[in-house]
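Pasting the structure below:
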């Protein structure tokens, strides 16, 4: 979602929107994710709580899970903005022009033409991002989120059976990837409907 | 509301009593420093077929695209269906439509056919044809499908209804694009060099469909390089040169007895 809004803003937005988005994508993609996670988790929750107390609400305790998802979403948004921007640019402009020529409003154009038409170009990039994200969850351990890698380390540390546990963890990541690939393959086949296979065109 | 089907299609008859569907007056268009249209006027009454001819860079496509605001005219008046398109200046000094809703309403009455077909590649032919009626005009899906099947049959593509555009020839795609434009029951059809991207052997099938439309009295504005075709179907021919109307009149006069030296030369070169 962030990616779609970001890409749209970058392509069609005014100068202010574009500059803001450029700052967002540049900074997020420049800073290591581990640093961002720490920064956003500690500084972010602190900021939210300060805001809340300033407005007269109780301080809240933000769980590692929620913060983790928010941070990963924020980071992925920056990367997917660029993936989507590329995908939208890959749509033959004539198709967008035709939609405009038939009186489609910008919202309808986005929903009916731009999104479905850019999907085939965006899926390989988005699939990459998704797979990276599944493994980035390991980084969330630093903010106390109890995920797979952390659990493995602790279990292995207690039982001293390092090989078994880390192999098992590896298998779980692999399984996750395989399942993801299956689903992505389905989505891609659906999105590429109407496009002749590249093999036939050789 | 739309009366093309019944309008008399007799060529060359004076149709001054028919309502004016498109009125363009003193239209200017600049792309930066480039002055493409330098004050062009044009009028299309119901049942008329206006052919715009001219050399490359004469501004004929730009003129057509200004009618439905795919290009924003720099100055001048465009009236469609008696309704004048309101323009305003944006913060950069460009002229832009003042009212997006008005533009969308006007566009949905103009059926545009492009040089490169521009069918939506993620939809089958039938989906392409029903897209605008269902999602822009609010026609019920089953009604739209029944209508679309008739239109596809009319352009000879009934059996291709569930095929995606990429699997069709250029001529088939262009005929489907004509069906898509007809599906909105347009007041005027706009053709932007509809055969220029086609292989020579495919041009005929597309021209036949357009010719049939002309003969049944559909109002059309046609930018074309097919001089023979323009002579056959047009009721009025406009020759553009360098952003101005150099000469205009009925086809016999334009092709048979051109006055302007440039037009004579143009016809010699192309004919």
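Chains as they are written, first to last, in the working numbering: chain Y, 17 to 218; chain B, 33 to 303.
By construction, the Cβ of each residue, glycine as well, lies at the ideal position given by its N, Cα and C atoms.
Relative to the C-alpha of residue 74(Y), which residue among 62(Y), 82(Y) and 85(Y) is closest?
In the first chain, the residue the question calls residue 74(Y) occupies position 58. Residue 74(Y) has its Cα closest to that of 62(Y), out of 62(Y), 82(Y) and 85(Y).
Going by DSSP in three states, residue 226(B) sits in which element: helix, strand or coil?
By one-based count along the second chain, residue 226(B) stands at place 194. Three-state result, residue 226(B): coil.
Kindly say whether residue 210(Y), judged by its beta-carbon, lies nearer than 7 Å to any beta-carbon of chain B.
Numbered from its first residue, the first chain carries residue 210(Y) at position 194. It does; some Cβ of chain B falls within 7 Å.
Would you kindly work out how many angstroms separate the C-alpha atoms of residue 94(B) and residue 72(B), rounded to a whole number?
Translated into positions along the second chain, residue 94(B) becomes position 62. Translated into positions along the second chain, residue 72(B) becomes position 40. So the alpha carbons of these two residues sit roughly 11 Å apart.
Distance cutoff 7 Å, beta carbons only. Does residue 136(B) sit that close to anything in chain Y?
Here the question's residue 136(B) lines up with position 104 in the second chain. Output row for residue 136(B): interface = yes.
Under three-state DSSP, which class holds residue 172(B)?
Working through the second chain from its first residue, we reach residue 172(B) at position 140. Reduced to three states, the DSSP call for residue 172(B) is coil.
Over the uninterrupted alpha helix (DSSP H) stretch that includes residue 196(Y), give me the two end residues.
The residue given as residue 196(Y) occupies position 180 in the first chain. Counting along the chain, the alpha helix (DSSP H) containing residue 196(Y) begins and ends at 178–207.
Using alpha carbons as the reference points, say which of 70(B), 142(B) and 249(B) lies closest to residue 111(B).
Counted from its first residue, the second chain places residue 111(B) at position 79. Cα-wise, what sits closest to residue 111(B) is 142(B).
Shorter than 7 Å from the beta carbon of residue 160(B) to some beta carbon of chain Y?
Taking the first residue of the second chain as 1, we reach residue 160(B) at position 128. Chain Y contact via Cβ: absent.
Report yes or no: do the stretch 125–144 of chain B and the stretch 218–225 of chain B share at least 3 C-beta pairs separated by less than 8 Å?
With a cut-off of 8 Å, the stretch 218–225 of chain B and the stretch 125–144 of chain B count as touching, because enough Cβ pairs lie within range.
Check the Cβ of residue 102(B) against every Cβ in chain Y and list those closer than 7 Å, keeping chain order.
Start at 1 with the first residue of the second chain, and residue 102(B) comes out as number 70. Those within 7 Å of residue 102(B) in chain Y are 113, 116 and 117.
Below 8 Å on the Cβ atoms is my contact criterion, and I expect residue 4(B) with residue 58(B) to pass it. Report the Cβ-Cβ distance as a whole number of Å.
Residue 4(B) is absent from the model: chain B starts at 33 and stops at 303.
Beta carbon of residue 150(B), beta carbon of residue 123(Y): below 7 Å?
Along the second chain, one-based indexing puts residue 150(B) at 118. Along the first chain, one-based indexing puts residue 123(Y) at 107. It is not a contact, given that the beta carbons lie outside the stated cut-off.
Classify residue 71(Y): buried if its beta carbon has 16 or more other beta carbons within 10 angstroms, exposed otherwise.
Taking the first residue of the first chain as 1, we reach residue 71(Y) at position 55. By the neighbour-count rule (16 or more Cβ atoms within 10 Å), residue 71(Y) is not buried but exposed.
For residue 128(Y), would you say it is in contact with chain B, using Cβ-to-Cβ distances shorter than 7 Å as the test?
Position 112 of the first chain, counted from the first residue, corresponds to residue 128(Y). Closer than 7 Å to some Cβ of chain B, the Cβ of residue 128(Y) qualifies, so yes.
For the stretch 176–206 of chain B, enumerate the residues whose C-beta is nearer than 8 Å to any C-beta of chain Y, in chain order.
Cβ contacts with chain Y come from 196, 197, 198 and 199.
Under 8 Å Cβ to Cβ from residue 206(Y), same chain only, skipping five residues before and after it: list those, please.
Your numbering for residue 206(Y) matches position 190 in the first chain. Nothing listed; no residue qualifies.
I need the boundaries of the alpha helix (DSSP H) containing residue 167(B), first residue and last residue.
Against the second chain, residue 167(B) aligns to sequence position 135. Note, residue 167(B): alpha helix (DSSP H), 157–167.
Could you tell me the alpha carbon to alpha carbon distance between residue 35(B) and residue 52(B), rounded to whole angstroms?
Taking the first residue of the second chain as 1, we reach residue 35(B) at position 3. Taking the first residue of the second chain as 1, we reach residue 52(B) at position 20. Model confidence at residue 35(B) stands at a pLDDT of 42, short of 50, so the residue's coordinates are unreliable; what they give is reported in the following sentence. About 13 Å.
Going residue by residue through the stretch 61–137 of chain Y, where are the continuous alpha helix (DSSP H) segments of at least 4 residues, counting only ones entirely within it?
Here the runs fully enclosed are 61–70, 80–106, 109–117 and 122–125.
Could you give the DSSP three-state label for residue 196(B): helix, strand or coil?
The residue labelled residue 196(B) in the question sits at position 164 within the second chain. Residue 196(B) falls in the coil class under three-state DSSP.
So, at 7 Å on beta carbons, what are the nonlocal neighbours of residue 294(B) in its own chain, with the 5 sequence-adjacent residues on each side left out?
Looking up residue 294(B) in the second chain gives position 262. Closer than 7 Å at the Cβ level, and outside the excluded window around residue 294(B), lie 273 and 278.
Going by Cα to Cα distance, which pick from 69(Y), 156(Y) and 94(Y) is closest to residue 51(Y)?
Taking the first chain and counting its residues from 1, one reaches residue 51(Y) at position 35. Out of 69(Y), 156(Y) and 94(Y), 156(Y) has the C-alpha closest to the C-alpha of residue 51(Y).
Taking Cβ positions only, does residue 36(B) come closer than 7 Å to chain Y?
Mapped onto the second chain, residue 36(B) falls at position 4. Confidence is the limiting factor: at residue 36(B) the pLDDT is only 43, short of 50, which leaves the residue's position unreliable, though a coordinate-based value still follows. No - not a single Cβ of chain Y is within 7 Å of the one on residue 36(B).
Quick check on residue 100(B): buried or exposed, where buried means 16 or more other Cβ atoms within 10 Å of its Cβ?
As a working note, residue 100(B) is residue 68 in the second chain. Answer is buried; the Cβ neighbour count reaches 16.
Leaving out five residues before and five after residue 149(Y) in sequence, what residues of the same chain have Cβ atoms less than 7 Å from its Cβ?
In the first chain, counting from the first residue as 1, residue 149(Y) sits at position 133. Answer for residue 149(Y): 88 and 92, listed in chain order.
What are the boundary residues of the beta strand (DSSP E) that includes residue 174(Y)?
Numbered from 1 along the first chain, position 158 holds the residue referred to as residue 174(Y). Run containing residue 174(Y): none in the beta strand (DSSP E); it sits in the alpha helix (DSSP H), 164–175.
Which residues in the same chain as residue 27(B) place their Cβ atom closer than 7 Å to its Cβ, once the five residues preceding and following it in sequence are excluded?
Past the boundaries of the shown model lies residue 27(B); chain B is included only from 33 to 303, so the question cannot be answered.
Could you pull the start and end residues of the beta strand (DSSP E) that residue 296(B) belongs to?
Position 264 of the second chain holds residue 296(B). From DSSP, residue 296(B) is part of no beta strand (DSSP E) but of the alpha helix (DSSP H) over 293–302.
Anything in chain Y within Cβ reach of residue 144(B), meaning under 8 Å, just list it in chain order.
Residue numbering aside, residue 144(B) sits at position 112 when the second chain is read from its first letter. Correct list: 114, 117 and 118.
Give me, in chain order, the residues of the same chain whose beta-carbon lies closer than 6 Å to that of residue 193(B); leave out the 5 immediate sequence neighbours on both sides.
Here residue 193(B) is taken as the residue at index 161 of the second chain, counted from 1. For residue 193(B), where only same-chain residues beyond five positions count, the Cβ hits under 6 Å are 157, 158 and 184.
Is it right to say residue 191(B) is buried, meaning 16 or more other beta carbons lie within 10 angstroms of its own, or is it exposed?
Position 159 of the second chain, counted from the first residue, corresponds to residue 191(B). Classification of residue 191(B): exposed, given that the 10 Å Cβ count is below 16.
Please compile the residues from chain Y whose C-beta is within a distance smaller than 9 Å of the C-beta of residue 124(B).
Numbered from its first residue, the second chain carries residue 124(B) at position 92. The contacting residues do not exist; residue 124(B) stays about 10 Å from chain Y at best.
Does the stretch 188–200 of chain Y come close enough to the stretch 123–134 of chain Y that 3 or more CB-CB pairs lie under 8 Å?
No: fewer than three Cβ pairs fall under 8 Å.
Going by other Cβ atoms of all chains shown within 10 Å of its Cβ, with 16 needed for buried, is residue 115(B) buried or exposed?
In the second chain, residue 115(B) corresponds to position 83, counting from 1. Exposed.
Would you identify the three-state DSSP class for residue 155(Y), choosing helix, strand or coil?
Here the question's residue 155(Y) lines up with position 139 in the first chain. Helix.
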